[in-house]
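For the sequence shown, position 251 matches number 1111 in this note's numbering, and the numbering has no gaps at all.
Note that the Cβ used here is the ideal one computed from N, Cα and C, for glycine as well.
Comments concern the structure below.
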Amino acid sequence: MDSGKVINVGVVGYGFSAKVFHIPLINCCPGMKLVSVLERSSEKSAADFPGIMVVKTIDEMLSSQILDLVVITSVNSTHYPYAMAAIKAGKNVIVEKPFTISHTEAAELAEAARKHNVVLSVYHNRRFDSDFLTIKKLIESKALGQVVEIETRFDRFRNYKKNPNAWRESKDEPGSGILFDLGPHLIDQIVCLFGTPETVFAQLSNQRLIENGPDDVFHLVLGYPKKNFTAIVGASMLARIKPPRFRIFGTNGSFVKYGLDVQEGQLIKKVFPGHAGYGVEDESIWGTLDTDYNGLHFSGKIESSKGDYLAYYENVRDSILGKAELLVSAEQAAVTVLIIEKAFESAKTNTVVTL
């Protein structure tokens, strides 16, 4: 593709993910232009973004000759068929997490993208959270020594079903439940830092006892015995008092971090990349480091790195234009789907499962 070309983007779906994350980031990304939205039952996007084309089907969207990139934000069970259709139509693709609901589907999409020579990425935006960028620097600098254990959590409190028709809280909907919803964020971060685990042990349940409800809590232990390292990954819908977001132990020190990255809250309030303070955490939620490093003891707060979700879209743009290697590849995202698949197997059999 011409390195100076504007990338025309179509977004499938017009729910929370599209409106809060994807469309604002597309509009903030130099060299990208929103041209189309797929809304099956309304045309709200046309009122919000005059001049775009609103379509009702994926075939109608893919028939556009000017479309370069398709962003899929629809329900999880549609990710595979929509992405495959877009790839076969020669379009570059971003898929909202989870990539797919089976590892077989993920592998097939990755292979199809290679065959059709298109860019295929998954929106693992939490790689660009301020807290994750901070711990990545700490680990790479060996400030903790050799890391032996990390716990990463994404907890909420809602002791009821938010919406009677919410597909994410219906056991009958493929890809529903908290492991498919929040698990990809946490698992991808671990795999990004430490690679593919050797083993998985998982516990899942419906703690709120919602009728026909899927899992609303998960605890995963990802084993790396060859590296003498363990990752604990969890999320709950009944965490009224929030535990640490990250807890890391190393041979020389420890790091603990409370609070969530600020970017989602800022995007909801229409504070976008480029605005003053975007991606910057308040000092009150900076993490605490206690370690011996280079012969000196340090104990205190560590300033959080600036979060940068726009960097994800800039990298996809540059990858499409042939200027950069893709940071979040389909092959990487397929590993996360495999771990989720093995977690369900582990929970069902109450055994440690080998990858």
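By the DSSP assignment, the alpha helix (DSSP H) with residue i in it spans what residues?
i: K1208; result: A1190 to T1209
i: T964; result: H963 to H976
i: I1176; result: Per the sequence shown, the amino acid found at residue 1176 is Val instead of Ile. That run of the alpha helix (DSSP H) goes L1170 to I1180.
i: K996; result: S990 to E1000
i: G1125; result: Q1123 to I1128
What residues in its chain sit with their C-beta under 8 Å from that of residue i, if we drop five residues either side in the sequence?
i: V866; result: G891, M892 and K893
i: I1047; result: L1080, L1082, V1093, T1196, I1199 and I1200
i: F909; result: I883, L894 and V897
Assuming residue i is part of the beta strand (DSSP E), what are its boundary residues?
i: R1013; result: V1007 to R1013
i: K1161; result: L1156 to I1162
i: A949; result: Element bounds for A949: n/a, residue is neither H nor E.
i: V1212; result: Unbroken run through V1212: none, as it is neither H nor E.
i: G1083; result: V1077 to Y1084
i: F1089; result: F1089 to S1096
i: K1117; result: G1113 to K1117
i: D1150; result: G1147 to Y1153
i: G1110; result: F1106 to G1110
i: Y983; result: L980 to Y983
By alpha-carbon positions, which one of the options ends up nearest to residue i?
i: G1005; options: S1206, S990, E1163 and F1109; result: F1109
i: N868; options: A878, L1069, F881 and V930; result: V930
i: D928; options: H939, V915, I954 and T917; result: I954
i: R974; options: N952, S990 and I995; result: N952
i: G1037; options: Y1172, N1066 and I1050; result: N1066
i: Q1123; options: W1027, L969, L885 and R1068; result: L885
i: H976; options: T917, G864 and G950; result: G950
i: A967; options: Q1192, V978 and A1184; result: Q1192
i: L1181; options: L1149, D1041, A906 and V978; result: V978
i: F1089; options: D1075, L1053, N1072 and L1120; result: L1053
i: R1068; options: P1085, E1029 and V1051; result: E1029
i: A1136; options: I995, I999 and G1167; result: G1167
Near residue i, what residues of its chain come up, given a Cβ to Cβ distance below 6 Å and the 5 sequence neighbours on each side ignored?
i: P1133; result: C888 and L1170
i: G873; result: T933 and S934
i: I1010; result: A1091 and I1108
i: K1102; result: D1015
i: A906; result: V914
i: T1056; result: V1195
Residue j and residue i - do their beta-carbons sit closer together than 8 Å?
i: E1143; j: K1130; result: no
i: R1013; j: V1188; result: no
i: L922; j: A1190; result: no
i: T1111; j: V1008; result: yes
i: E1058; j: T1214; result: yes
i: A1194; j: L1039; result: no
i: Y983; j: K957; result: yes
i: F1078; j: G1043; result: yes
i: V1197; j: T938; result: no
i: S896; j: I912; result: yes
i: E1141; j: S990; result: yes
i: Q1063; j: A1207; result: yes
i: V880; j: E899; result: no
i: L1082; j: V1060; result: yes
i: K997; j: S1165; result: yes
If I measure Cβ to Cβ from residue i and keep anything under 7 Å in the same chain, skipping five residues before and after, which residues do I get?
i: R1100; result: F1017
i: I883; result: V871 and L894
i: Q1126; result: Y1138
i: A970; result: L980, A1190, E1191 and A1194
i: E965; result: Y940
Runs of beta strand (DSSP E) wholly within the stretch 865-943 (minimum 3 residues, chain order): Considered as a whole, the stretch 865-943 harbours 867-872, 892-898, 913-915 and 929-932 as its complete beta strand (DSSP E) runs of no fewer than 3 residues, in chain order.
Whole alpha helix (DSSP H) elements within the stretch 1025-1072, 4-residue minimum: You should have 1038-1054.
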